[in-house]
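Taking our numbering, the leading residue of the sequence shown gets 50, the next gets one more, and so forth.
Even glycine gets a Cβ: it sits at the ideal position worked out from N, Cα and C.
Only a predicted model underlies this, so the values are computations on that prediction, with no experimental measurement involved.
Report on the following structure.
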Amino acid sequence: MYAIVEINGQQFKAEEGKKLFVHHMKDAQEGQTVEFEKVLLVDNDGAITVGAPTVDGAKVVCEVVQPLVKGEKIIIFKMKRRKDSRKKNGHRAQFTQVVIKSVVA
């Protein structure tokens, strides 16, 4: 059984026991249980239920493993040739690691 769930504006495939890296949730604490109710699709052993826009009564229960995980460093380098123009910038995205406890449909 799996579900397609929307978490902080992104869609994820949620299966029981799977670990996900979602956009950073500010209020999350380690060990906290979080429920997501924006379930877009549920597959229960071949019986697919598609929501319009969400499936009624369905939710995904997660537990926060790490509230703040930094992603890989991304370097942005811009250069215009023969113009002596260079700009180097970069950032590291912040994530929250959650593990799926159950999919309720």
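- Apart from the 5 residues on each side of it in sequence, Lys127 sits with its Cβ closer than 6 Å to the Cβ of Lys136 in its chain, given in chain order.
- As computed with DSSP, His140 is found in a beta bridge with Ile123.
- Secondary structure at His73: coil, using DSSP grouped into helix, strand and coil.
- Here Gly139 has Lys122, Ile123, Ile124 and Ile125 as same chain residues with Cβ atoms under 8 Å from its own Cβ, once five neighbours each way along the sequence are excluded.
- Taking C-beta atoms as the reference points, Ala52 and Val152 count as a pair closer than 8 Å.
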